[in-house]
Amino acid sequence: PPPHRKPRPALGFAAMPQGDYIELHQKRHGRRMDYEERKRKKEARAVKKNSKDARKLLGAKGKRFAKKRYAEKAQMKKTLKMHDESSSRQKVDDDVEEGAIPSYLLDRDPTQRAKVLSNTIKQKRKEKAGKWDVPLPKVRPVAEEEMFKVLRTGKRKTKQWKRMVTKATFVGPGFTRKPPKYERFIRPTGLRFTKAHVTHPELKCTFNLDIISVKKNPNGPMYTSLGVMTRGTIIEVNVSELGLVTPAGKVVWGKSSVEKLSFFCPSLRLKPCSINQCFLSVQANTRRLQITRRMMAVSMLSCSCEALIQFWLRC
Amino acid sequence: EMDGAGGNGSSGSVMCQLVSAEGEQLGAALYLPHNVGPPQLQDIVNQLLHNEDKLPYAFYVGDEELSLQLGAFMQRNNATAEVTLRIVYQPQAVFRIRPVNRCSATIAGHTEAVLAVSFSPDGRCLASGSGDTTVRFWDLSTQTPLYTCKGHKNWVLCIAWSPDGKHLVSGSKSGELILWDPKTGNQLGAPLTGHRKWITAVSWEPVHLQSPSRRFVSASKDGDARIWDITTKKCVISLSGHTNAVTCVKWGGDGLIYTGSEDCLIKVWETTQGKLVKTLQGHGHWVNSLALSTEYVLRTGAYDHTGKTFSSPEEMKEAALARYEKMRGNAPERLVSGSDDFTMFLWEPTISKQPKARMTGHQKVVNHVYFSPDGQWLASASFDKSVKLWNGITGKFVAAFRGHVADVYQISWSADSRLLLSGSKDSTLKVWDIRARKLKQDLPGHADEVYAVDWSPDGEKVVSGGKDRVLKLWMN
Numbered sequence: 001p002p003p004h005r006k007p008r009p010a011l012g013f014a015a016m017p018q019g020d021y022i023e024l025h026q027k028r029h030g031r032r033m034d035y036e037e038r039k040r041k042k043e044a045r046a047v048k049k050n051s052k053d054a055r056k057l058l059g060a061k062g063k064r065f066a067k068k069r070y071a072e073k074a075q076m077k078k079t080l081k082m083h084d085e086s087s088s089r090q091k092v093d094d095d096v097e098e099g100a101i102p103s104y105l106l107d108r109d110p111t112q113r114a115k116v117l118s119n120t121i122k123q124k125r126k127e128k129a130g131k132w133d134v135p136l137p138k139v140r141p142v143a144e145e146e147m148f149k150v151l152r153t154g155k156r157k158t159k160q161w162k163r164m165v166t167k168a169t170f171v172g173p174g175f176t177r178k179p180p181k182y183e184r185f186i187r188p189t190g191l192r193f194t195k196a197h198v199t200h201p202e203l204k205c206t207f208n209l210d211i212i213s214v215k216k217n218p219n220g221p222m223y224t225s226l227g228v229m230t231r232g233t234i235i236e237v238n239v240s241e242l243g244l245v246t247p248a249g250k251v252v253w254g255k256s257s258v259e260k261l262s263f264f265c266p267s268l269r270l271k272p273c274s275i276n277q278c279f280l281s282v283q284a285n286t287r288r289l290q291i292t293r294r295m296m297a298v299s300m301l302s303c304s305c306e307a308l309i310q311f312w313l314r315c
Numbered sequence: 001e002m003d004g005a006g007g008n009g010s011s012g013s014v015m016c017q018l019v020s021a022e023g024e025q026l027g028a029a030l031y032l033p034h035n036v037g038p039p040q041l042q043d044i045v046n047q048l049l050h051n052e053d054k055l056p057y058a059f060y061v062g063d064e065e066l067s068l069q070l071g072a073f074m075q076r077n078n079a080t081a082e083v084t085l086r087i088v089y090q091p092q093a094v095f096r097i098r099p100v101n102r103c104s105a106t107i108a109g110h111t112e113a114v115l116a117v118s119f120s121p122d123g124r125c126l127a128s129g130s131g132d133t134t135v136r137f138w139d140l141s142t143q144t145p146l147y148t149c150k151g152h153k154n155w156v157l158c159i160a161w162s163p164d165g166k167h168l169v170s171g172s173k174s175g176e177l178i179l180w181d182p183k184t185g186n187q188l189g190a191p192l193t194g195h196r197k198w199i200t201a202v203s204w205e206p207v208h209l210q211s212p213s214r215r216f217v218s219a220s221k222d223g224d225a226r227i228w229d230i231t232t233k234k235c236v237i238s239l240s241g242h243t244n245a246v247t248c249v250k251w252g253g254d255g256l257i258y259t260g261s262e263d264c265l266i267k268v269w270e271t272t273q274g275k276l277v278k279t280l281q282g283h284g285h286w287v288n289s290l291a292l293s294t295e296y297v298l299r300t301g302a303y304d305h306t307g308k309t310f311s312s313p314e315e316m317k318e319a320a321l322a323r324y325e326k327m328r329g330n331a332p333e334r335l336v337s338g339s340d341d342f343t344m345f346l347w348e349p350t351i352s353k354q355p356k357a358r359m360t361g362h363q364k365v366v367n368h369v370y371f372s373p374d375g376q377w378l379a380s381a382s383f384d385k386s387v388k389l390w391n392g393i394t395g396k397f398v399a400a401f402r403g404h405v406a407d408v409y410q411i412s413w414s415a416d417s418r419l420l421l422s423g424s425k426d427s428t429l430k431v432w433d434i435r436a437r438k439l440k441q442d443l444p445g446h447a448d449e450v451y452a453v454d455w456s457p458d459g460e461k462v463v464s465g466g467k468d469r470v471l472k473l474w475m476n
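In order, the protein sequence lines correspond to chains A and B.
Per full-length UniProt numbering, the first sequence runs over residues 1 to 315.
Per full-length UniProt numbering, the second sequence runs over residues 1 to 476.
Have a look at this one:
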């Protein structure tokens, strides 16, 4: 490249006159004699130039050009279509719908039949499925490193057989720790929860209900026995305050719901998640009846913990 | 006659009085010995009525059929011989239809659910209307499709043969009616427009009132019924008065038109000027279906089981009139309406505005009611999965047929009134024996709901169509 050449500025800036001196000159001295003819001929040639560019342009320029051309084409098509539409109104033909039914069924609501059918199918499926099946299709398995923190004990802090649970837990009201010497899993009091926020998804009201027990943790029976509450855990809450009655007429005092955590972290506030399926357990004398019911969203309230951990449970 | 008066049945004779179905006594009271059974009673009745041919009769004491000898019957029922036994005799059809038990053909052709099927009055042709907007004619001898008639813009909801078998009219969801020629499959003229909503039912004028058939009445969701003339291709009269959809319409043999509607009323119209004659009130919910006691005769016109063909319209008219008169007898026409309020009413519209009987018992919507061809029985199909049989004259409940596992949609009688066919949502058809009051034959085979059934007037074939888009022909 020859030296001492000024770098050319971007085209856009050079094409823009700063000021109105061009218009002034045009007003004062008029245009060229052959301006109109030249303009006409240039426009006539523009079609050829356009097509040449469309064929020859490469790289970024080509892309830009193609995009611009496409947008122009789409606009042209729309205007043509608009002009094509005739002013005379045509008779609107009803589309022939699917699902032909005879005249005696026409005025009847088909959704009722469909709903009954789907309900019966769902009922059958639920009966077949396991009692404590977690309805979450995919529960992310929680790794042990995430769940437990290794506690070093001993005089030289070399023994590593103790684990401290790092997730929310539930211990029953009559809970007494094992002697520290034999305690393998430590559940810190700061992470023990007794109450849960339960929200009805339709009614949008939240209740603060006591937790009765942790029914099942999908990560394993060990976690269930520890009372750890992670995503997908089925817990039982005391709904006697709500005054619910089963179809059989028995009063519901305990309800199970499934927790769903978006992610667990004691220090972070969690976003509420979508709601899951839940099972209703009814204590009728000593028998437990499993009935599937609609779900309510449940959130947890901690009394002593600063961080707010949200559990969304559906019951 | 044995003189055994005063005996308590041990002497061996019973005092009997033969009574006709309408209540007229036939002859004087007779002493009949105990070994007299139905065959002998038939002879006696034939003699007393001076019948040239030996016609079969069925005998009923109380509501129970007399099938054993008198003595055994008396013993079983512990009836005393001191009371005169009233035996009601009912004429039976001379011919006997064999129950269908096998599917002889499954004919595919329609591309959408079959919504209506109908045999022609002589039983020789078959037509069906479907959700794919076509009407198809089928050849019964080869059991293959004959013509595919396109012309409708939306689902073909109802089809009706003219009683002389020369025309077929079909009504669609877009409110138009098209006339077809069954021999060529061609459309006759332009579609008849006038209704604003879909057609729910079509009924032709009986052939004994006018032959060749010219007029028919169509009912629509928009609330009026229209009488059309096929020669002028115009709507002659519009019967408006209903405030809601008209669900069913029947052209009676006396020249009155009966319309049932979703506004819970049944209106009776006269046909010359289209004036409202009567309004029959009583139902609490939509009137779904109407049935006339002479309906079968009106539908088949002049054709009967003998398979006779007629050369001229006048001949047809006379024959049809003769059949109609015989069917009616002296009694007025009876009308039965089935409704969404789970009950049915039995009316005698020419006599009074009040219903003659109310038939309760169904637990869900009554979808279809149908008189037997001889007018003695009435059958009703309901969404409570049962078909109920009622006495066609008094409206008294006779029997319930249970067997279906889903809503029963349509029923059809065999031409001799001995068998009843029902098609249901559970994709089966069932043939019920009226005499034994039990299931005679189960006809599974459809893949989906059965929407329409029909028994051919000659009793040979049954056709059924439904959601699985095929037509099934059943034979013996």
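The beta-carbon is built from N, C-alpha and C at its ideal position, and this holds for glycine as well.
Note that the coordinates shown come from a computational prediction; the quantities given were computed from them, not determined experimentally.
Self-check item: 8 Å Cβ cutoff met for B:VAL88 and B:VAL19
Solution: Numbered from 1 along the second sequence, position 88 holds the residue referred to as residue 88 of chain B. Numbered from 1 along the second sequence, position 19 holds the residue referred to as residue 19 of chain B. Their beta carbons are under 8 Å apart, which means B:VAL88 touches B:VAL19 by this criterion.
Quiz item: Helix, strand or coil for residue 330 of chain A per DSSP?
Solution: Residue 330 of chain A cannot be examined here, being either before or after the span of chain A that is shown, 1 to 315.
Quiz item: Quick one: is B:GLU112 near chain D, going by C-beta distance under 8 Å?
Solution: No chain D appears in this structure, whose protein chains are A and B.
Quiz item: When the cut-off is 8 Å and only beta carbons count, does A:ASP107 lie next to chain B?
Solution: On the first sequence, residue 107 of chain A is found 107 positions in, with the first residue counted as 1. Cβ-Cβ to chain B under 8 Å: yes for A:ASP107.
Practice problem: Could you tell me whether any Cβ in chain A is nearer than 8 Å to the Cβ of B:TRP161? | Solution: Residue numbering aside, residue 161 of chain B sits at position 161 when the second sequence is read from its first letter. For B:TRP161, the answer is no, since every Cβ of chain A falls outside 8 Å of its Cβ.
Quiz item: With 16 as the cutoff for other CB atoms within 10 Å, does B:ARG358 come out buried or exposed?
Solution: Position 358 of the second sequence holds residue 358 of chain B. Exposed.
Practice problem: Note down, in chain order, all residues in the UniProt repeat "WD" (149-190) of chain B with a beta-carbon under 7 Å from any beta-carbon belonging to chain A. | Solution: LYS153, ASN154, TRP155, LEU157, CYS158, SER174
Quiz item: Using the C-alpha atoms, what's the distance from A:GLU72 back to B:GLY109?
Solution: Numbered from its first residue, the second sequence carries residue 109 of chain B at position 109. Numbered from its first residue, the first sequence carries residue 72 of chain A at position 72. Using only the alpha carbons, I get a separation of about 49 Å.
Quiz item: Taking 8 Å as the CB-CB limit, is B:THR343 close to chain A?
Solution: Here residue 343 of chain B refers to the residue found at position 343 when the second sequence is read from its first residue. Chain A contact via Cβ: absent.
Quiz item: Hey, is A:TYR104's beta-carbon within less than 8 Å of any beta-carbon in chain B?
Solution: Your numbering for residue 104 of chain A matches position 104 in the first sequence. True, the Cβ-Cβ gap to chain B drops below 8 Å.
Self-check item: Listed by chain order, chain A residues near B:TRP198 by CB distance under 9 Å
Solution: For the purposes of this step, residue 198 of chain B is identified with residue 198 of the second sequence, where counting begins at 1. Near B:TRP198 (Cβ distances below 9 Å), the residues of chain A are SER103, LEU106.
Quiz item: In this structure, does DSSP put A:ARG156 in helix, strand or coil?
Solution: As a working note, residue 156 of chain A is residue 156 in the first sequence. Of the three classes helix, strand and coil, the one that applies to A:ARG156 here is coil, per DSSP.
Quiz prompt | Of the residues B:GLY189, B:LEU420, B:ARG102, B:LEU256, the one placed nearest B:LEU443, counting alpha carbons only | solution = Working through the second sequence from its first residue, we reach residue 443 of chain B at position 443. Just measuring C-alpha positions, the residue of B:GLY189, B:LEU420, B:ARG102, B:LEU256 sitting nearest B:LEU443 is B:ARG102.
Quiz item: According to DSSP, is A:CYS265 helix, strand or coil?
Solution: Taking the first residue of the first sequence as position 1, residue 265 of chain A is located at position 265. Only weak support is given to the placement of A:CYS265: the predicted model assigns it a pLDDT of 25, under 50, and the value that follows is read from those uncertain coordinates. Of the three classes helix, strand and coil, the one that applies to A:CYS265 here is coil, per DSSP.
Quiz prompt | Cβ shell of B:GLY189 (< 7 Å), same chain only, five flanking positions each side left out | solution = On the second sequence, position 189 is the one that residue 189 of chain B refers to. If we look at B:GLY189 and ignore the five residues flanking it on each side, its Cβ neighbours are LEU179, LYS233.
Self-check item: One or two residues paired with B:TRP228 in a DSSP bridge
Solution: Taking the second sequence and counting its residues from 1, one reaches residue 228 of chain B at position 228. DSSP, once it has assigned bridges, lists B:PHE216, B:CYS235 as partnering B:TRP228.
Quiz item: In terms of residue numbering, what span does the beta strand (DSSP E) encompassing A:HIS197 cover?
Solution: By one-based count along the first sequence, residue 197 of chain A stands at place 197. Residues 195-199.
Exercise. State the beta-bridge partners of B:PHE137 as determined by DSSP.
Key: As a first step, residue 137 of chain B must be located in the second sequence, where it is residue number 137. Answer by DSSP bridge pairing, in chain order: B:ALA127, B:TYR147.
Quiz prompt | Residue range of the unbroken alpha helix (DSSP H) whose run includes A:ILE234 | solution = The sequence position of residue 234 of chain A within the first sequence is 234, counting from 1. Counting along the chain, A:ILE234 falls outside any alpha helix (DSSP H), though it belongs to the beta strand (DSSP E) covering 234-238.
Exercise. Enumerate in chain order the residues of its own chain whose CB-to-CB distance from A:ASP210 is below 7 Å, with the five nearest sequence positions on each side excluded.
Key: In the first sequence, the residue the question calls residue 210 of chain A occupies position 210. Same-chain partners within the cutoff: THR194, LYS195, VAL237, ASN238.
Quiz item: What is the residue span of the beta strand (DSSP E) that B:HIS368 lies within?
Solution: Stepping through the second sequence from its first residue, residue 368 of chain B is reached at position 368. Run containing B:HIS368: 366-371, per the beta strand (DSSP E) assignment.
Quiz prompt | residue 501 of chain B (DSSP reduced to helix, strand or coil) | solution = Lying before the first or after the last residue shown, residue 501 of chain B is absent from chain B, which here runs from 1 to 476.
Quiz item: Is B:LYS388 helix, strand or coil when you go by DSSP?
Solution: The residue labelled residue 388 of chain B in the question sits at position 388 within the second sequence. Three-state result, B:LYS388: strand.
Quiz item: Using the beta-carbon of each residue, which ones in chain A are nearer than 9 Å to B:LEU115?
Solution: Locating residue 115 of chain B in the second sequence gives position 115, counting from the first residue. In chain order: ALA100, ILE101, PRO102, SER103.
Self-check item: Beta-carbon proximity check, B:TRP251 vs B:SER203, cutoff 8 Å
Solution: If you number the second sequence from 1, residue 251 of chain B lands on position 251. If you number the second sequence from 1, residue 203 of chain B lands on position 203. Cβ atoms of B:TRP251 and B:SER203: closer than 8 Å.
Exercise. List the DSSP bridge partners of B:PHE59.
Key: For the purposes of this step, residue 59 of chain B is taken as residue 59 along the second sequence, with counting starting at 1. Note: B:PHE59 sits in a beta bridge opposite B:TYR89.
Practice problem: Consider the Cβ of B:GLY131: report whether some Cβ of chain A lies at a distance smaller than 8 Å. | Solution: Stepping through the second sequence from its first residue, residue 131 of chain B is reached at position 131. So, interface residue.
Exercise. Quick one: grab the DSSP three-state call for B:LEU66.
Key: Looking up residue 66 of chain B in the second sequence gives position 66. Here B:LEU66 sits in coil by DSSP.
Quiz item: Mapping DSSP to helix, strand and coil, what is B:TYR258?
Solution: For the purposes of this step, residue 258 of chain B is taken as the residue at position 258 of the second sequence. Strand, per DSSP.
Practice problem: Mind checking the segment 167-178 of chain A against chain B and listing, in chain order, the residues whose C-beta falls within less than 8 Å of any C-beta there? | Solution: none
Quiz item: Are the segment 388-401 of chain B and the segment 358-367 of chain B touching, with three or more C-beta to C-beta distances below 8 Å?
Solution: yes
Practice problem: Give the residues of chain A in contact with B:ALA452, contact being defined as C-beta atoms less than 9 Å apart. | Solution: Here residue 452 of chain B is taken as the residue at index 452 of the second sequence, counted from 1. Simply PRO102.
Self-check item: Neighbourhood of B:ALA113 by C-beta distance below 7 Å, restricted to the same chain and skipping five residues each side
Solution: Numbered from its first residue, the second sequence carries residue 113 of chain B at position 113. If you ignore the 5 residues before and after B:ALA113, its C-beta comes within less than 7 Å of the C-beta of SER130, GLY131, TYR451, GLY466, LYS467, ARG469, all in its own chain and listed in chain order.
Self-check item: Sufficient close CB pairs (3 or more, under 8 Å) joining the segment 297-317 of chain B to the segment 156-168 of chain B
Solution: Judged by pairs of C-beta atoms under 8 Å, the segment 297-317 of chain B touches the segment 156-168 of chain B, as three or more such pairs exist.
Self-check item: A:SER225 (DSSP reduced to helix, strand or coil)
Solution: Here residue 225 of chain A corresponds to residue number 225 of the first sequence, with the count starting at 1. It is helical.
Quiz item: Taking just the CA atoms, how far does B:TRP455 sit from B:GLY403?
Solution: Numbered from 1 along the second sequence, position 403 holds the residue referred to as residue 403 of chain B. Numbered from 1 along the second sequence, position 455 holds the residue referred to as residue 455 of chain B. Taking the straight line joining both Cα atoms gives about 20 Å.
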